[in-house]
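S.K.: Residue numbers (the working numbering): 14 to 543. A single structure is presented below for examination.
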């Protein structure tokens, strides 16, 4: 009996030991595994910390460098609060949100709340230029300003006056009184060490969304960009950057790693009104020339050639027997410096003072960089045909001062004899309505446009989706009377409108072809409903 029991114990012994072992592993194993994994992680953290102590010195140096840039630049950055005329605020608001509904259209509009005009102030950024108190910003930041308050990094404020502005490049110069300013250092692109190139680290300063004295970092994504935001008569040579630029950054400085201003934040490429990694800044070389000119002359002095041009295409070049790059002269103004010097329609401009020209933008920027009364040598290729190459001719041209924007645009279009006198204040109401440009219809202008001459004022440009457009007014229509009283010039039209109440509505007669019809000009009702 005892032997049988012992044999069973011997028989079950190995199995029992195995079962107990397996059970122990199942109960104790997971805990042991957790401890092993934890120990491995702790060792990895310890090793990583030791590695960071050695390798993060470079990152710490980079971070300290960024801090140094901030400390260097911040005292030069300013925040701008701009009080505007109501008409200027409406104009800016409509550019951003669309034309404001009026009358019953307002109350019946499903998006009525979207058209509540905000208070009459805006904000932006700027920077101190010199010890004399000049502050630099974008023209569009202070456009229509009645009062400009400059806030400095130490929270003090001073009221500023407008010294000069240049709409063609979106630059404005302000001035504050007093001392204790910290001028920024403007980079000198004439020096190789201070030039910028694609890939350079840059910093954008300003007040995005009213977050004053903010700083963002990125790189130069490209240079020499043209984006068309300043219109056909503007001068664009932007720096492109992915440094975060948002509404409120406009006018703030874009700096390099040495805290030198290499550009001024001006625009963003966006479909939402918020920056999407594509920002644009006016380069320092353009800033330097224009700022000094605005301070000294209250306007930018630019060279003027007096030609209508286009970049030469390959197909067009073959018709002139020319297979190189250049700029085609499509029109020469008879009273301009180019015409006086002998430049002709059909000439291909290939160089100025020996500097080769490939595009119309390059030529415009180069000519504008010269002072008026400067004599330049313009190299043209002329008299070529498909079978006969043209000849190169050097022509000396003495440049003149570039006329005002509207005058040049009108002259180059060939649809007015001379610039109309400035009418900015009285044109303001018409621009609110969407009528952007008008001209007296002279007999010469009628002949050029190949239309019958009638006394009146011709509409040259109507803003799309504006009140005037909704009323059926369009380019080419001729305004012949206001409230039954004939008008034969722009001056008479503005006098007549000033004598009537545009807020209540003014009747005009317009001619289109051989047809006459009435139209109503009425300013929008922008008062908040009770």
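C-beta: ideal position from N, C-alpha, C; glycine also.
Provide the residue(s) that pair with residue 171 in DSSP beta bridges, ordered along the chain.
M.R.: Against the chain shown, residue 171 aligns to sequence position 158. Bridge partners of residue 171: 163.
S.K.: Quick check: what's the CA-CA separation for residue 172 versus residue 280?
M.R.: For the purposes of this step, residue 172 is taken as the residue at position 159 of the chain shown. For the purposes of this step, residue 280 is taken as the residue at position 267 of the chain shown. Those two C-alpha atoms are separated by around 25 angstroms.
S.K.: Between which two residues does the alpha helix (DSSP H) harbouring residue 79 extend?
M.R.: Within the chain shown, residue 79 is the residue found at index 66, counting from 1. First-last of the alpha helix (DSSP H) with residue 79: 70 to 86.
S.K.: Could you give the uninterrupted runs of the alpha helix (DSSP H) lying entirely in the region 437 to 464, keeping only those of 4 residues or more?
M.R.: Whole alpha helix (DSSP H) segments, 4+ residues: 437 to 446 and 456 to 462.
S.K.: For residue 426, which of helix, strand or coil comes out of DSSP?
M.R.: Taking the chain shown and counting its residues from 1, one reaches residue 426 at position 413. Because the pLDDT of residue 426 is 40, which lies under 50, any placement of that residue in the model is unreliable, and the number read from its coordinates should be weighed accordingly. In this structure, residue 426 counts as helix in the three-state DSSP scheme.
S.K.: Do you know whose CA, among 270, 337 and 145, lies nearest residue 372's CA?
M.R.: Here residue 372 refers to the residue found at position 359 of the chain shown. Checked all of 270, 337 and 145; the closest Cα to residue 372 is 337.
S.K.: Looking only at C-alpha atoms, which of 208, 181, 62 and 257 sits nearest to residue 216?
M.R.: Counted from its first residue, the chain shown places residue 216 at position 203. If we check each option's Cα against that of residue 216, 257 comes out closest.
S.K.: Going by DSSP, which residues form a beta bridge with residue 499?
M.R.: Within the chain shown, numbered from 1, the residue matching residue 499 stands at position 486. In the DSSP output, where bridge partners are listed per residue, residue 499 has 494.
S.K.: Does the distance from the C-beta atom of residue 177 to that of residue 311 stay below 8 angstroms?
M.R.: In the chain shown, counting from the first residue as 1, residue 177 sits at position 164. In the chain shown, counting from the first residue as 1, residue 311 sits at position 298. In this structure, residue 311 lies closer than 8 angstroms to residue 177 by Cβ.
S.K.: For residue 250, which residues from the same chain have a beta carbon less than 7 angstroms from its beta carbon, with the 5 sequence-adjacent residues on both sides left out?
M.R.: For the purposes of this step, residue 250 is taken as the residue at position 237 of the chain shown. Here the set comprises 237, 296, 299 and 378.
S.K.: Measuring CB to CB, does residue 339 end up less than 8 angstroms from residue 308?
M.R.: In the chain shown, counting from the first residue as 1, residue 339 sits at position 326. In the chain shown, counting from the first residue as 1, residue 308 sits at position 295. Going by beta carbons, residue 339 and residue 308 fall outside the 8 angstroms limit.
S.K.: Where residue 460 and residue 466 are concerned, what is the direct C-alpha to C-alpha distance, given to the nearest angstrom?
M.R.: Locating residue 460 in the chain shown gives position 447, where the first residue counts as 1. Locating residue 466 in the chain shown gives position 453, where the first residue counts as 1. Going from the Cα of residue 460 to the Cα of residue 466 covers about 8 angstroms.
S.K.: In angstroms with no decimal places, state the Cα-to-Cα distance between residue 89 and residue 205.
M.R.: Along the chain shown, read from residue 1 onward, the residue named residue 89 stands at position 76. Along the chain shown, read from residue 1 onward, the residue named residue 205 stands at position 192. About 24 angstroms.
S.K.: Considering only the alpha carbon of each residue, which of 489, 445, 457 and 505 lies closest to residue 479?
M.R.: As a first step, residue 479 must be located in the chain shown, where it is residue number 466. Closest by alpha carbon: 445.
S.K.: If you pair each beta-carbon of the region 314 to 323 with each one of the region 342 to 352, do three or more pairs fall below 8 angstroms?
M.R.: yes
S.K.: Is there a C-beta anywhere in chain C that falls below 8 angstroms from the one on residue 208?
M.R.: Here chain C cannot be found, since the structure has a single protein chain.
S.K.: In three-state terms, what does DSSP make of residue 331?
M.R.: Translated into the one-based positions of the chain shown, residue 331 becomes position 318. Helix at residue 331.
S.K.: Residue 359 to residue 79, Cα distance in whole Å?
M.R.: Here residue 359 refers to the residue found at position 346 of the chain shown. Here residue 79 refers to the residue found at position 66 of the chain shown. When rounded, the distance between both Cα atoms is 54 angstroms.
S.K.: Closest to residue 291 by C-alpha separation, out of 335, 230 and 350, would be which residue?
M.R.: Indexing the chain shown from 1 puts residue 291 at position 278. Considering only alpha carbons, the answer is 230.
S.K.: Where does residue 402 land, buried or exposed, given buried means 16+ other C-beta within 10 angstroms?
M.R.: Position 389 of the chain shown holds residue 402. Exposed, because fewer than 16 other Cβ atoms sit within 10 Å of the Cβ of residue 402.
S.K.: Considering only their Cβ atoms, is the gap separating residue 500 from residue 526 smaller than 8 angstroms?
M.R.: Position 513 of the chain shown, counted from the first residue, corresponds to residue 526. Position 487 of the chain shown, counted from the first residue, corresponds to residue 500. Not a contact, by the Cβ cut-off of 8 angstroms.
S.K.: Using a Cβ-Cβ cut-off of 6 angstroms (strictly less than) and excluding sequence neighbours within five positions of residue 447, which residues of its own chain qualify?
M.R.: By one-based count along the chain shown, residue 447 stands at place 434. Excluding sequence neighbours, residue 447 sits near 475, 476, 479, 480, 481 and 482.
S.K.: Could you name each continuous alpha helix (DSSP H) segment of 4 residues or more that falls completely within the region 351 to 418, going from the start of the chain to the end?
M.R.: 373 to 382
S.K.: What residue range does the beta strand (DSSP E) around residue 295 cover?
M.R.: By 1-based counting over the chain shown, the position of residue 295 is 282. Counting along the chain, the beta strand (DSSP E) containing residue 295 begins and ends at 292 to 296.
S.K.: I'd like the list of long-range same chain contacts for residue 82, defined as Cβ closer than 7 angstroms, with 5 residues on each side in sequence excluded.
M.R.: As a first step, residue 82 must be located in the chain shown, where it is residue number 69. Excluding residues within five positions, the ones whose Cβ falls inside 7 angstroms are 216, 268, 270 and 272.
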